[in-house]
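Counting in this note's numbering, the sequence shown runs without a single skipped number right up to 507 at its last residue.
Everything below concerns the one structure shown next.
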Amino acid sequence: MSTARAALDDLIVDVSETHEGPTAASLRGRMRFGKALEGPPGRLHGGYHAYVRTLPILERCSLHDAARTFPCALDVEIRQGLALEQEVPFDARYELGDGGWTLHTRFDESERLRATLRSLPDAPLLTRDELERYRTLYDESLPSEGQFKMFGVTVQLGKKLVFVEGRDPLRTQPESQLADLCDAEGAFGPALIAAQLDATGAVAQGTRMRHPHFTKRIELSYAAGRVPASTGFVFVSDRTRIEDDTTSTTAPVEIKGQRWGTVRVQVALLDASFERALAVGTVTVHPVDPEKFAPLKEMRALRDDSGR
């Protein structure tokens, strides 16, 4: 078992649950994030925030029927970091109603670390026209303008899309982050999906000025909780629909004489035939301030950027 997968399987230190009638419950507990889950130095990776702050807590709620977990949608704000190798408190509330279930969570007793996970109707995440649009953008992005490796994963920089594609990563990309988070059968789930969509979204904006970004918010909808090894897949971020986040209060950063602020990037995980969306959403990112976050340069040395 990989260190990252082991860390994700061993998150919760303890948890307690209080029922508030037959349809509601409150949960309190503590988590610990291992070094393998690092993003910014000493802090939890932005993409992992989406997973660890939602689904592992849902799994511990005795009122919840695991068979009803997917499809679901999450909205995770990352307005401050979470330290590694420390016990971090969390609290949550689960509610079950006629329209489905909802889980609200908060970490480190901070309003800046709130998240929501909720059930979705059992329906396709994208329409046929939306899937066809992605197919067209993909075709128009070939051949790619360049590529590089990020945590062992080959990221393609196309004219319209940033994309990562493959099948059965445990066997075809054994040294990559993709393989790192697969189970013994080669399937992967929501933790990897969130982490890879987060990274792909950040690259779409970061390559515009060749500068790293940090994640402020992740909004994702999942069709299912498991992608089998036999499924060909494409992680994409849409370079044609990067939108300024006009609600952001984070000050713009000057990079190479131009000021850059917070943006929202559309992302999706699609099957290789572009017939089905496995996950869709947006990643909200902001450029790292070069004057305040120099240690991030150390992280970049871990990447193989030889193809850029």
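Glycine included, every Cβ here is placed at the ideal spot set by N, Cα and C.
Since this is a predicted model, take the numbers as computed values, not measurements.
Anticipated Cβ contact below 8 Å, residue i with residue j, distance rounded
i, j, result
"T483", "Q465", "With 8 Å as the limit, T483 and Q465 do not qualify as a contact, their Cβ atoms being about 11 Å apart."
"R311", "Q285", "The pair is not a contact, with the Cβ atoms about 17 Å apart (cut-off 8 Å)."
"E364", "A471", "7 Å"
"L389", "V487", "Correcting the residue identity first, residue 389 is Pro in this sequence and not Leu. Going by Cβ atoms, the distance from P389 to V487 rounds to 26 Å, so no, they are not a contact pair."
"L226", "V251", "Contact flag wrong, Cβ pair sits at about 14 Å."
"F432", "L330", "So it is not a contact: roughly 14 Å between Cβ atoms."
Rounded separation between residue i and residue j - CA only
i, j, result
"D328", "K358", "21 Å"
"H218", "T304", "16 Å"
"E339", "D397", "23 Å"
"F362", "F232", "28 Å"
"S215", "I392", "28 Å"
"L316", "L283", "23 Å"
"P270", "S420", "7 Å"
"T446", "G246", "21 Å"
"G345", "L360", "12 Å"
"M230", "P255", "10 Å"
"A314", "W459", "26 Å"
"T202", "V287", "20 Å"
"E418", "E276", "9 Å"
"S318", "A265", "11 Å"
"A422", "P489", "38 Å"
"T335", "A205", "39 Å"
Residue i CB to nearest heavy atom of the ligand MN below 6 Å
i, result
"T217", "This structure does not include the ligand MN; it has no bound ligands of any sort."
Proximity below 7 Å, CB of residue i to CB of residue j
i, j, result
"L273", "L243", "no"
"F434", "L468", "yes"
"L257", "L324", "no"
"G228", "F289", "yes"
"T485", "T448", "According to the sequence displayed, residue 485 carries His and not Thr. Their beta carbons are not under 7 Å apart, which means H485 does not touch T448 by this criterion."
"S436", "G400", "yes"
**Study point:** Three or more C-beta pairs below 8 Å linking the segment 376-383 and the segment 345-352
**Key:** Yes: the two stretches touch, three or more of their Cβ pairs being nearer than 8 Å.
Review point. Is the segment 219-230 in contact with the segment 292-304, if contact means three or more CB pairs nearer than 8 Å?
Key: Contact between the segment 219-230 and the segment 292-304 is established, with three or more Cβ pairs separated by less than 8 Å.
Point to revise | Given 8 Å, three or more beta-carbon pairs between the segment 424-442 and the segment 450-458 | key: Contact between the segment 424-442 and the segment 450-458 is absent, because fewer than three Cβ pairs lie under 8 Å.
Practice item. Evaluate the contact criterion for the segment 396-415 versus the segment 423-433: three or more CB pairs, one atom per stretch, below 8 Å. Key: Verdict: no, contact absent.
Point to revise | Start-end ranges of the alpha helix (DSSP H) lying completely within the segment 363-406, minimum 4 residues | key: When DSSP assignments are scanned along the segment 363-406, the uninterrupted stretches of alpha helix (DSSP H) that are 4 or more residues long and fall wholly within it turn out to be 368-371 and 376-379.
Check your understanding: Taking the runs of the beta strand (DSSP E) that are 3 residues or longer, which of them lie wholly in the segment 256-309?
Key -> Listed in chain order, the complete beta strand (DSSP E) runs (minimum 3 residues) inside the segment 256-309 are 271-276, 286-296 and 299-306.
Point to revise | Residue ranges of each alpha helix (DSSP H) within the segment 319-358, 4 or longer | key: Taking only runs of at least 4 residues, the alpha helix (DSSP H) segments lying wholly in the segment 319-358 are 327-339.
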